[in-house]
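As they're listed, the protein sequences go chains A and B.
Note that the first sequence covers residues 709 to 924 in this note's numbering.
Note that the second sequence covers residues 709 to 924 in this note's numbering.
Note sheet for the following structure.
Number of protein chains: 2
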Amino acid sequence: MKQIPEKAIERLILYRRILMSLNPSDRPNIFSHELATLSGFSSAQIRRDLMAIGYSGSPVKGYSLNNLVESLNEFIDSEEKQHVAIIGLGQLGRAILNYCKNRRKKIEIVASFDKDPQKTDQVILGTHCYGIDKLEKIIKEKNIRVVILAIPAEEAQEMAERIMKAGIRGILNYAPTNLYLDNDVFVENRDMILAVEKVAYFSRKIDKEGFVESLS
Amino acid sequence: MKQIPEKAIERLILYRRILMSLNPSDRPNIFSHELATLSGFSSAQIRRDLMAIGYSGSPVKGYSLNNLVESLNEFIDSEEKQHVAIIGLGQLGRAILNYCKNRRKKIEIVASFDKDPQKTDQVILGTHCYGIDKLEKIIKEKNIRVVILAIPAEEAQEMAERIMKAGIRGILNYAPTNLYLDNDVFVENRDMILAVEKVAYFSRKIDKEGFVESLS
DNA sequence: TTCACACTGTTACAAAAATCACAGCGAATA
DNA sequence: TATTCGCTGTGATTTTTGTAACAGTGTGAA
Chain A
709 MKQIPEKAIE
719 RLILYRRILM
729 SLNPSDRPNI
739 FSHELATLSG
749 FSSAQIRRDL
759 MAIGYSGSPV
769 KGYSLNNLVE
779 SLNEFIDSEE
789 KQHVAIIGLG
799 QLGRAILNYC
809 KNRRKKIEIV
819 ASFDKDPQKT
829 DQVILGTHCY
839 GIDKLEKIIK
849 EKNIRVVILA
859 IPAEEAQEMA
869 ERIMKAGIRG
879 ILNYAPTNLY
889 LDNDVFVENR
899 DMILAVEKVA
909 YFSRKIDKEG
919 FVESLS
Chain B
709 MKQIPEKAIE
719 RLILYRRILM
729 SLNPSDRPNI
739 FSHELATLSG
749 FSSAQIRRDL
759 MAIGYSGSPV
769 KGYSLNNLVE
779 SLNEFIDSEE
789 KQHVAIIGLG
799 QLGRAILNYC
809 KNRRKKIEIV
819 ASFDKDPQKT
829 DQVILGTHCY
839 GIDKLEKIIK
849 EKNIRVVILA
859 IPAEEAQEMA
869 ERIMKAGIRG
879 ILNYAPTNLY
889 LDNDVFVENR
899 DMILAVEKVA
909 YFSRKIDKEG
919 FVESLS
């Protein structure tokens, strides 16, 4: 089976979100061009992405909503629930925790960590908050492989190395800094300031030129 | 001047962040391969990106840090400070506001909006919070072109249309839904749940296969 | 002054991604 | 039964993006 590119994975995850927001009893089926309109990608791209995961629709009815979501689930999700921890319960960390809590069946935030003793050893937003000293222990105990990092930039590198050693294989990094790690960890950076800068740049471009060709 | 691709813009903004974090009195110059190590992109790519914005270094000394940052500023930033508003002061909105406040010279969050009367008409986290009814007025008055959307998915589309009419040209959308707008607005979507799902997916892949080739 | 060196800037090339375009299909119609 | 229709699945093609390679350059060593 050929390697599916990262971008395609992102699209597939997006398709699923869109499809899940539709009501199958209203419209049991959907055509590639409809999903194209909903997602902003081309219908050809969608057909191709679905081909990549081996899903087939009907030339007449299109794709069965339930069926397609099920196939996407199988492809995207793990069998077992995946355990996630969030490190840093500052304002951002708490917001993320609150936001992501119980949104997906196969993903659960099972622990949070903070260095502030005022926050540790209690349940915050439905999740137990541990001290940093318990990091390795809890990661092992709770079988955590994914971490959301919401700590200051200065502390991020050291923390990343530490959790990597503890067995973490995926980091969603909200700290505004790059992480330098071996390539047996997947890192997704989400610097919010860079995002604002990007939007500011392109909004200016539009202001000058009147439009933009491609929207993601 | 040839169109610089969106990805290249993102890289340039990242280069700037990295370069700004270095101390020019420690190291006045930097080579493309050093910036490559710091950014995770190849040195060839960096040279090419810098070529795109017309910046030249010295084959002997590399790039002058101050000089390069200045060139990046000129390219990325507007002359005038750009005014940004944040809509939705829930937990996430407040976190974003707090996080982005005063981080960049040329970007300023000049207003926030919320529908909750308990929050409106006061200064929250250093920014005046207005009621939604004042939206058009304030956007016009304060010359706002960029909005950070941190409201529930259900309200996002309607709000997006409204602010678009009010003159907004860039939206950083944290609501987990797509926005359907004319293409004279730039939209950057930042669904946090999709991000977690993506990391979860690739972390699993690494767990199975032992490594990953390309990190962003 | 000549040479070697390590870098940049840029062109040529390769890889990847998106798009096109069309065969094939099943249903509906007549 | 034959015909049309609009869709899917997919090979071919184009476009975009990234990489490799190398000529050109200023510096410092000999």
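C-beta: ideal position from N, C-alpha, C; glycine also.
Quiz item: Is there at least one Cβ from chain B nearer than 8 Å to Leu746(A)'s Cβ?
Solution: yes
Exercise. Could you check the C-alpha separation between Ser751(A) and Glu862(B) for me, to the nearest Å?
Key: 25 Å
Practice problem: At 9 Å on the CB atoms, spell out the chain A contacts of Cys690(B), in chain order. | Solution: With chain B represented from 709 up to 924, any question about residue 690(B) goes unanswered, as that position is not in the structure.
Exercise. Just the chain A side, please: which residues come within less than 9 Å of Asp734(B) by C-beta, in chain order?
Key: Those within 9 Å of Asp734(B) in chain A number zero; the least Cβ separation is about 17 Å.
Exercise. Assuming Asp892(A) and Gly918(B) form a contact by the criterion Cβ under 8 Å, report the distance between their Cβ atoms to the nearest whole angstrom.
Key: 6 Å
Practice problem: Please decide whether Asp757(B) counts as near chain A, where near means a Cβ-Cβ distance under 8 Å. | Solution: no
Exercise. Give a yes or no on contact between the stretch 764-780 of chain B and the stretch 790-810 of chain B, applying the rule of three or more CB pairs nearer than 8 Å.
Key: no
Quiz item: Using the C-alpha atoms, what's the distance from Thr885(B) back to Ala868(B)?
Solution: 11 Å
Quiz item: From Ile717(B) to Ala716(A), what distance separates their C-alpha atoms?
Solution: 21 Å
Self-check item: Nearest to Glu788(B) (by Cα), restricted to the options Gln799(B), Val768(B), Leu805(B) and Arg812(B)
Solution: Arg812(B)
Exercise. Compute the Euclidean distance between the alpha carbons of Ser922(B) and Gly834(A), then round it to the nearest angstrom.
Key: Because Ser922(B) carries a pLDDT of 47, less than 50, the predicted location of this residue cannot be relied on, and no value is offered for it.
Quiz item: So, helix, strand or coil for Glu896(A), using DSSP?
Solution: strand
Exercise. Could you pull the start and end residues of the beta strand (DSSP E) that Glu788(B) belongs to?
Key: Careful: Glu788(B) lies outside any beta strand (DSSP E) and carries neither H nor E.
Quiz item: Fully enclosed by the stretch 804-875 of chain A, which alpha helix (DSSP H) runs are 4 residues long or longer?
Solution: 843-849 and 861-873
Practice problem: Drop a sphere of 10 angstroms on the beta-carbon of Ser764(A), count the other beta-carbons inside from all chains shown, and report buried for 16 or more, exposed for fewer. | Solution: exposed
Quiz prompt | Burial state of Ser766(B), where buried means 16 or more other Cβ atoms lie within 10 Å | solution = exposed
Exercise. Within the same chain, show all residues whose beta-carbon is closer than 7 Å to that of Ile784(A), passing over the 5 residues directly before and after it, in chain order.
Key: Leu720, Ile721 and Arg724
Self-check item: Contacts of Ser820(B) in chain A (Cβ-Cβ under 8 Å)
Solution: By Cβ distance, chain A contributes nothing, its closest Cβ being about 14 Å from Ser820(B), past 8 Å.
Quiz item: Leu857(A) and Met872(A) look like a contact to me (Cβ under 8 Å); what is the Cβ gap, rounded to whole Å?
Solution: Leu857(A) to Met872(A), Cβ: 11 Å. No contact.
Quiz item: Which of the three DSSP states, helix, strand or coil, is assigned to Asp734(A)?
Solution: coil
Quiz prompt | Residues of its chain near Lys769(B), where Cβ-Cβ distance is below 7 Å and the 5 sequence neighbours each way are ignored | solution = Asn737
Quiz item: Sorted by chain position, which residues of the same chain lie with C-beta nearer than 6 Å to Phe894(A)'s C-beta, five sequence neighbours on each side aside?
Solution: Gly878
Quiz item: Taking C-alpha atoms, which residue in Leu743(A), Leu805(A), Leu800(A) and Leu758(A) lies nearest to Glu782(A)?
Solution: Leu758(A)
Quiz prompt | Residue-chain proximity (Ser924(A), chain B), Cβ-Cβ < 8 Å | solution = Caution applies to Ser924(A), whose pLDDT of 37 falls short of 50 and renders its modelled position unreliable; the value that the coordinates give is listed next. True, the Cβ-Cβ gap to chain B drops below 8 Å.
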